[in-house]
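Going letter by letter, the sequence shown gives residues 6 to 332 in this note's numbering. We put the CB at the ideal spot given by N, CA and C, even for glycine. Worksheet for the structure shown next.
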Amino acid sequence: MPVSREIHLVARPDGMPTPDNFQLVETQVPDAGDGQVLVENLYMSVDPAMRPRLTAGQALNEAMTGGALGRVVQSKHPDFAVGDLVSNRMGFREFFVSDGKGLTRLSPADGLPLTVHMHALGGTGFTAYGGLLHIGQLKDGEQVFVSTAAGAVGSVAAQIAKIKGCYVVGSTGSEDKAAWLRDEVGLDAVIDYKAQPIRKALEAATPKGLDVYFDNVGGDHLEAALRRMNTLGRIPVCGFISGYNSGHSPVSNLSNIIYARVMLRGFVATDFMHLYGDFQRDMAGWLRDGKVKYQETIMEGIAAAPAALIGLMQGKNSGKMLVRLAA
Ligand SMILES: NC(=O)c1ccc[n+]([C@@H]2O[C@H](COP(=O)([O-])OP(=O)(O)OC[C@H]3O[C@@H](n4cnc5c(N)ncnc54)[C@H](OP(=O)(O)O)[C@@H]3O)[C@@H](O)[C@H]2O)c1
Numbered sequence: 006m007p008v009s010r011e012i013h014l015v016a017r018p019d020g021m022p023t024p025d026n027f028q029l030v031e032t033q034v035p036d037a038g039d040g041q042v043l044v045e046n047l048y049m050s051v052d053p054a055m056r057p058r059l060t061a062g063q064a065l066n067e068a069m070t071g072g073a074l075g076r077v078v079q080s081k082h083p084d085f086a087v088g089d090l091v092s093n094r095m096g097f098r099e100f101f102v103s104d105g106k107g108l109t110r111l112s113p114a115d116g117l118p119l120t121v122h123m124h125a126l127g128g129t130g131f132t133a134y135g136g137l138l139h140i141g142q143l144k145d146g147e148q149v150f151v152s153t154a155a156g157a158v159g160s161v162a163a164q165i166a167k168i169k170g171c172y173v174v175g176s177t178g179s180e181d182k183a184a185w186l187r188d189e190v191g192l193d194a195v196i197d198y199k200a201q202p203i204r205k206a207l208e209a210a211t212p213k214g215l216d217v218y219f220d221n222v223g224g225d226h227l228e229a230a231l232r233r234m235n236t237l238g239r240i241p242v243c244g245f246i247s248g249y250n251s252g253h254s255p256v257s258n259l260s261n262i263i264y265a266r267v268m269l270r271g272f273v274a275t276d277f278m279h280l281y282g283d284f285q286r287d288m289a290g291w292l293r294d295g296k297v298k299y300q301e302t303i304m305e306g307i308a309a310a311p312a313a314l315i316g317l318m319q320g321k322n323s324g325k326m327l328v329r330l331a332a
């Protein structure tokens with residue numbers, strides 16, 4: 006019967022979360038019974054969408070949830086063997102018992118590091134792929150802007166647009182991340198929005214306007230992009246991270262969608278599950294060929310999970326934010 010540590014939400018944050026909103030709790034997890042497996046999580050994902058859930062959705066004083074990748078360490082289930090790697094939604098804890106529902110067996114035999122299944126070849130990569138190609142209806146050679154372009158979703162969206170021969174502008178919040186986007190990824194223009202006003206910088210970086218804005222931020226970034234949209238432009242709205250702490254993210258020029266006949270559409274990745282096979286084939290190829298590069302910020306141990314979530318909201322991650330829970 007293993008001892009597992011897990012993270013509970015004990016107080017709802019007002020604005021930016023603080024460490025005392027969370028508690029590390031030790032609990033005994035039973036051994037696997039008939040029809041069950043015991044899973045040890047190896048990595049857990051840290052995602053911006055967890056922040057709104059701290060305000061409403063996540064129950065107090067129980068283990069938080071989120072994406073994770075674990076290894077089966079006991080099995081009395083016919084479909085799973087000890088050693089199987091499984092993706093699951095039981096993050097923020099070291100061990101858990103499952104009847105198999107919600108577990109997806111992973112095959113790491115594709116020659117790529119295991120952790121890519123948690124970002125570029127997983128949920129955030131798929132969000133970028135479907136959001137840009139399906140919702141955003143990207144065409145080869147278009148003018149594109151991606152916000153949080155050095156993050157997990159944004160970095161993949163920006164690189165897919167480059168693969169499609171587009172002119173790509175990315176925004177990010179530090180010179181280090183801007184340098185990676187310029188020098189490693191090869192974006193056409195990069196804006197450090199903390200060093201210069203986004204509105205003026207985007208105007209200077211988009212002499213031919215914008216056909217597609219892949220929006221991860223909302224607020225001032227969306228407002229700046231709306232001023233630059235070409236006729237019949239598209240704005241796939243993926244996230245509104247500038248408003249996740251405050252609960253609002255004002256945009257004053259939405260009427261621009263009328264004049265330029267802009268399509269602005271929010272989406273979630275489950276909207277285009279029919280593309281998952283195409284995505285896995287394309288993305289595995291791009292990763293192997295080095296056409297899609299990635300960064301990871303990996304924090305160590307379950308006790309670091311609250312700091313990882315707070316850090317994500319402060320831009321401390323380069324690429325995907327993960328917590329390693331076991332070797
Ligand atoms: N619709 C969907 O199905 C779906 C799925 C996954 C994610 N998302 C959304 O996609 C976006 C990116 O998610 P991700 O997982 O890839 O996270 P991420 O970009 O890897 O990490 C979050 C980044 O957001 C930036 N940020 C934080 N506060 C900001 C602010 N006030 N203004 C501008 N940027 C800010 C920071 O980067 P900088 O240092 O560059 O500021 C931070 O590193 C989020 O909005 C998320 O909610 C949507």
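Query                                                                                                                                             : Result
Ignoring anything shorter than 3 residues, give me the beta strand (DSSP E) runs that lie fully in the segment 70-142, in order along the chain.  : 73-80, 90-93, 100-103, 109-111
Span of the beta strand (DSSP E) holding I303?                                                                                                    : 301-305
Could you round the C-beta distance between Q41 and V102 to whole angstroms and report it? I think they count as a contact, below 8 Å.            : 5 Å
Could you check which residue in L330, A16, E11, S152 has the C-alpha nearest to that of E228?                                                    : S152
CB L314 to CB V51, shorter than 8 Å?                                                                                                              : yes
Look up F277 in the DSSP assignment and say whether it is helix, strand or coil.                                                                  : helix
Beta strand (DSSP E) containing N46: first to last residue?                                                                                       : 42-50
Counting only the same chain and skipping the five closest in sequence on each side, list residues whose C-beta sits under 6 Å from that of V161. : A125, G130, A133
Determine the extent of the alpha helix (DSSP H) in which Y264 is found, giving its start and end residues.                                       : 261-264
Is the beta carbon of L317 within less than 7 Å of some heavy atom of ligand 1?                                                                   : yes
Between which two residues does the beta strand (DSSP E) containing K325 stretch?                                                                 : 325-329
Using CA coordinates, which residue listed in V15, G175, G244 is at the minimum distance from A64?                                                : V15
If you check the beta carbons only, do M318 and M123 fall under 8 Å apart?                                                                        : no
Check for me: the alpha helix (DSSP H) holding T236 runs from which residue to which?                                                             : Counting along the chain, T236 falls outside any alpha helix (DSSP H), though it belongs to the beta strand (DSSP E) covering 234-242.
Any idea which residues DSSP pairs I196 with across the strands?                                                                                  : S176
Going by the C-beta, is I246 closer than 7 Å to any heavy atom of ligand 1?                                                                       : yes
Counting only C-beta atoms, is A274 closer than 8 Å to chain C at any point?                                                                      : Absent from the structure is chain C; it holds one protein chain and no more.
Which word fits N250, buried or exposed, when buried means at least 16 other C-beta atoms lie within 10 angstroms of its C-beta?                  : buried
Regarding S92 and ligand 1, is the C-beta to nearest heavy atom distance less than 7 Å?                                                           : no
Got a sec? Which residues, its chain only, sit under 7 Å from G38 by beta carbon, not counting five neighbours each side?                         : K81
Go ahead and pull the three-state DSSP assignment for H253.                                                                                       : coil
In chain order, what residues of the same chain lie with their CB nearer than 7 Å to the CB of E147, ignoring the 5 residues before and after it? : C171, D216, V217
Measuring CA to CA, which of N46, V121, A331 is closest to E305?                                                                                  : A331
Is K182 close to ligand 1? I mean its beta-carbon at under 7 Å from any heavy atom of the ligand.                                                 : yes
Is the CB-CB distance between R110 and S9 below 8 Å?                                                                                              : no
I'd like the list of long-range same chain contacts for L237, defined as Cβ closer than 7 Å, with 5 residues on each side in sequence excluded.   : R266
Can at least three beta-carbon pairs, one atom from the segment 174-182 and one from the segment 196-207, be found at a separation below 8 Å?     : yes
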